[in-house]
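Accompanying notes for the structure given below.
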Amino acid sequence: MSAVPVSAEQSPQKAVIDRHGYLFGQKIAASMSPQFHQTIFNHLDWRWEQFRLDSADIPSFLKLLQDPKCFGSSVTMPNKVAIMEHLDEMTEECREVGACNTIYFRPETDAPGGRRKLYGTNTDVVGVRESFYQNVEDADGVFHDKPAMVIGGGGAARSAVYALWKWMRATQIYLVNRDRAEVDAVIRECKAKGYGDSLVHVATPEQARALEAPGAIVACVPDFPPKTPEEKTARAVVETFLQKDRKGAILEMCYNPTPYTELGALAGREGWRVILGTEAMIWQGFEQSKLWTNLELKDLPVAKCKTMVAAKISEPSRL
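Using the numbering used here, the first residue of the sequence shown is number 91, and each one after it goes up by one.
Right under this line is the structure:
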């Protein structure tokens with residue numbers, strides 16, 4: 091779980107393990123990814139390790155990936171979009187969302203002694219999907235064939251839109267955000283990729299009152315109290331939906347420094363099922379591990395990983 095310099099071709103840590111991977115991004119000191127994956131590797135009794143690589147130096151990173159002992163990499167900001175042009179193949183999820191958070195290999199496709207092909211995917215969308223399906227028993231009653239809602243306008247919001255559209259049978263997807271330009275960008279990009287026709291920008295509480303209640307909500311905004319007029323209006327829109335008679339489930343994606351947010355508490359008081367953002371991290375992490383280890387979920391230590399995450403978030407602060 092160590093940080094290594096981007097130029098390191100062989101470090102002392104690598105010398106004592108069989109395989110290694112990376113968490114490639116910046117401001118990653120608080121990330122639980124290395125410890126999450128180490129829990130899996132230790133359970134399997136494998137001498138594998140994921141190193142933090144705090145960098146945006148893509149050319150040097152690409153060289154590190156060519157080490158035959160490298161099993162792959164998590165990719166986080168600011169590299170999720172920039173890395174895509176360097177991938178040899180990408181999954182539909184990666185291509186449609188427009189961001190890569192996981193690099194893996196398929197050795198059988200590489201020429202003997204040749205360059206390793208880079209495969210990219212986006213497991214964030216799986217994290218959103220599985221957060222609901224693993225925590226809501228009655229998907230048909232709660233969110234299938236009903237509207238859904240996404241709060242926010244960044245990369246996480248795009249992943250949420252894709253998951254709701256692709257797998258969760260959302261009839262419409264309401265977008266709520268303080269910045270209209272961000273919403274317009276999400277709608278424009280999703281329409282260009284073929285899944286934006288069901289998106290609706292809900293800009294006022296009056297508009298929200300006239301709409302059907304969502305069954306699933308994904309909140310992709312920081313845990314800060316609304317201060318500006320635009321932020322207060324967006325919060326009022328959200329509260330209008332939360333106060334409707336039919337209640338659903340909300341995934342609160344924010345979990346740093348704590349998953350117990352003001353918005354989550356508000357939703358809970360209104361009778362909604364609140365799913366912590368750590369669930370999205372956990373389930374996208376298992377999807378990554380399946381790609382790197384070639385194992386199925388049944389072979390992975392789900393309970394151990396959940397226990398580790400629960401212990402980690404109970405610490406006073408990870409910042």
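Cβ coordinates follow ideal geometry from the N, Cα and C atoms, glycine included.
Burial state of residue i (16 or more Cβ within 10 Å)
| i | result |
| --- | --- |
| Pro237 | buried |
| His133 | exposed |
| Glu405 | exposed |
| Gln156 | exposed |
| Leu409 | A caution first: Leu409 carries a pLDDT of 41, below 50, which makes its placement in the model unreliable, though a value can still be read off. Under this definition Leu409 is an exposed residue. |
| Glu220 | buried |
| Ala120 | exposed |
| Thr261 | exposed |
| Tyr223 | exposed |
| Ser97 | With a pLDDT of 46 at Ser97, under the threshold of 50, the modelled position of this residue cannot be trusted; read the value that follows with caution. With fewer than 16 Cβ atoms within 10 Å of its Cβ, Ser97 is classed as exposed. |
CB of residue i within 8 Å of CB of residue j, strictly
| i | j | result |
| --- | --- | --- |
| Tyr285 | Tyr252 | yes |
| Val187 | Asn212 | yes |
| Glu139 | Ile107 | yes |
| Arg268 | Thr318 | yes |
| Val218 | Ala250 | yes |
| Met371 | Tyr350 | no |
Rounded distance between the beta-carbons of residue j and residue i, thought under 8 Å
| i | j | result |
| --- | --- | --- |
| Val171 | Phe114 | In fact, because the Cβ distance is near 13 Å, the residues do not count as touching under 8 Å. |
| Val327 | Val240 | The Cβ separation is near 12 Å, so there is no contact. |
| Met122 | Lys402 | 6 Å |
| Arg259 | His291 | About 21 Å; that fails the 8 Å criterion. |
| Arg109 | Phe161 | 5 Å |
| Glu342 | Gly361 | Rounded, the Cβ-Cβ distance is 15 Å, inconsistent with contact. |
| Thr330 | Ala298 | 4 Å |
Reference residue i, options the options, closest by Cα
| i | options | result |
| --- | --- | --- |
| Lys153 | Glu296, Tyr112 and Ala275 | Tyr112 |
| Trp136 | Lys402, Asn267 and Thr383 | Thr383 |
| Pro431 | Ala339, Leu177 and Phe141 | Outside the displayed span of the chain (91 to 409) sits residue 431, for which this structure offers no information. |
| Asp144 | Ile130, Gly204 and Pro124 | Pro124 |
| Lys322 | Tyr345, Ala400, Thr294 and Thr348 | Thr294 |
| Phe126 | Lys388, Glu386, Trp255 and Gln378 | Gln378 |
Cβ-heavy atom distance, residue i to the ligand SAM, below 7 Å
| i | result |
| --- | --- |
| Val392 | The model depicted lacks the ligand SAM and carries no ligand whatsoever. |
* Asked: At a cut of 8 Å, does the segment 363 to 370 reach the segment 188 to 201 through at least three beta carbon pairs?
  -> no
* Asked: Are three or more beta carbon pairs between the segment 295 to 305 and the segment 334 to 345 nearer than 8 Å?
  -> yes
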